[in-house]
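A.B. asks:
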Amino acid sequence: LFISLSSRLNSSIDLNQTNMWHKASLTFYNLCRTPAILDYVEDLIGPNFFQWGGQFFLKEPKDGSVVPWHQDAQYWPLKPAKSVTVWLALYDTDEQNAAMKVVRGSHKEGKFKHYTNKARNLVLDQEVSKDQIKKEDIVSLNLQAGEISLHDDGLLHGSEANNSNRRRCGITMRFAPVNVKADLSIWPHFETQLARGVDNFKNNPIAQIPRGEGTPVKKFQYSREFETQW
71 LFISLSSRLN SSIDLNQTNM WHKASLTFYN LCRTPAILDY VEDLIGPNFF
121 QWGGQFFLKE PKDGSVVPWH QDAQYWPLKP AKSVTVWLAL YDTDEQNAAM
171 KVVRGSHKEG KFKHYTNKAR NLVLDQEVSK DQIKKEDIVS LNLQAGEISL
221 HDDGLLHGSE ANNSNRRRCG ITMRFAPVNV KADLSIWPHF ETQLARGVDN
271 FKNNPIAQIP RGEGTPVKKF QYSREFETQW
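Residues 71 to 300 (this note's numbering) are what the sequence shown spells out, left to right.
1. Contact between the stretch 236-256 and the stretch 181-188 is defined here as three or more beta-carbon pairs at a separation below 8 Å; is this criterion met?
2. Assess contact between the stretch 127-145 and the stretch 99-118, defined as three or more Cβ pairs (one per stretch) separated by less than 8 Å. Is contact present?
3. According to the Cβ coordinates, are residue 167 and residue 236 closer than 8 Å?
4. Counting C-beta neighbours from all protein chains within 10 Å, is the total for residue 121 16 or more, i.e. buried, or is it exposed?
5. How far does the alpha helix (DSSP H) with residue 197 in it reach, from first residue to last?
6. Could you tell me whether the Cβ atoms of residue 274 and residue 251 are closer together than 8 Å?
7. Are the beta-carbon atoms of residue 258 and residue 88 separated by less than 8 Å?
8. Hey, out of 233, 163, 220, whose CA is closest to residue 177's CA?
9. So, does the stretch 142-154 touch the stretch 215-235, judging by three or more C-beta pairs under 8 Å?
10. Can you list, in chain order, the stretches of the alpha helix (DSSP H) that have 4 or more residues and sit fully within the stretch 210-260?
11. Helix, strand or coil for residue 126? Go by DSSP, reduced to three states.
12. Rounded to whole angstroms, what is the Cα-Cα separation between residue 81 and residue 124?
13. Among 84, 93, 98, which residue has its Cα nearest to the Cα of residue 71?
14. My output table needs one value for residue 208: the three-state DSSP class, helix, strand or coil.
15. Alpha carbons only, please: which of 230, 127, 118 is nearest the one belonging to residue 84?
16. When DSSP labels each residue in this structure, what does residue 83 get in the three-state scheme?
17. Whose C-beta lies closer than 8 Å to the C-beta of residue 218 among residues of the same chain, with five residues either side of it excluded?
18. Are there 16 or more other CB atoms within 10 angstroms of the CB of residue 115, so buried, or fewer, so exposed?
Now the structure itself:
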């Protein structure tokens, strides 16, 4: 899947800077509807939920980029903050090739203070300082290819540089209960696809289900932008 989808990208486009694969590609969309995955999501956020994000996170061998410690809910304009991210490993992932690390129990501690950091090797420009984190609570989410992890949008997480000779790549799928509402003045491209149950709130714009294989070219796009590719 990774090879077939990423190979469609123009060489000038960074895979990590594309999003909305669930809106563009029927293959990607169907993967996100795997019953076992949705069962795990339902266990965490209930029977009625939508998908709002889908992308790849790639670190090639010797990739020096770092994802600093952060909470997704700190910068996602979604209320209430109840999103869950599924991280599907496409390759074996461990400490050597930059597995995601989390701070155990941090999702129960409210918001952490985030600071701005413009270092060039950081994927995000905000981070939680290490003095707020207990080292003994850090857990590496080592996964074999095909395994998943799930994390709440309040969980502190990040990843280090990939100093190994092995590729690390995962697919993320973002889900939220149907009562969650996006601030469209901040995220105007936000659209949802009902993943399970019913949406009696109708708080957000609805994305089309892909009818074929489109390819994102930037981080945020409307589903209608892919129609000509189907």
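Ideal Cβ placement from N, Cα and C applies to all residues, glycine included.
C.D. replies: Taking the definition as stated:
1. Too few Cβ pairs lie closer than 8 Å, so no.
2. Output reads no: the stretch 99-118 does not touch the stretch 127-145.
3. Looking up residue 167 in the sequence shown gives position 97. Looking up residue 236 in the sequence shown gives position 166. Remark: C-beta atoms of residue 167 and residue 236 approach each other more closely than 8 Å.
4. For this step, residue 121 is matched to residue 51 along the sequence shown. Buried, since its Cβ has 16 or more Cβ neighbours within 10 Å.
5. Here residue 197 is taken as the residue at index 127 of the sequence shown, counted from 1. DSSP places residue 197 outside any alpha helix (DSSP H); the residue lies instead in the beta strand (DSSP E), whose first and last residues are 196-198.
6. The residue labelled residue 274 in the question sits at position 204 within the sequence shown. The residue labelled residue 251 in the question sits at position 181 within the sequence shown. It is a contact, given that the beta carbons lie within the stated cut-off.
7. Here the question's residue 258 lines up with position 188 in the sequence shown. Here the question's residue 88 lines up with position 18 in the sequence shown. No. Outside cutoff.
8. By 1-based counting over the sequence shown, the position of residue 177 is 107. Nearest of 233, 163, 220 to residue 177, Cα basis: 220.
9. Judged by Cβ distances under 8 Å, the stretch 142-154 makes contact with the stretch 215-235, as three or more pairs qualify.
10. As far as the stretch 210-260 is concerned, it has no whole alpha helix (DSSP H) run of at least 4 residues.
11. The residue given as residue 126 occupies position 56 in the sequence shown. In the structure shown, the three-state DSSP call for residue 126 is strand.
12. On the sequence shown, residue 81 is found 11 positions in, with the first residue counted as 1. On the sequence shown, residue 124 is found 54 positions in, with the first residue counted as 1. Going by C-alpha positions, residue 81 is about 21 Å away from residue 124.
13. Mapped onto the sequence shown, residue 71 falls at position 1. The shortest CA-to-CA distance from residue 71 to any of 84, 93, 98 is the one to 98.
14. Start at 1 with the first residue of the sequence shown, and residue 208 comes out as number 138. Three-state DSSP puts residue 208 in a strand.
15. Taking the first residue of the sequence shown as position 1, residue 84 is located at position 14. Restricting attention to 230, 127, 118, the CA atom closest to the CA of residue 84 is found in 127.
16. As a working note, residue 83 is residue 13 in the sequence shown. Three-state result, residue 83: coil.
17. Residue mapping note: residue 218 aligns to position 148 of the sequence shown, counting from 1. Hits under 8 Å: 107, 110, 156, 157, 158, 159.
18. In the sequence shown, the residue the question calls residue 115 occupies position 45. By the 10 Å Cβ count, residue 115 comes out buried.
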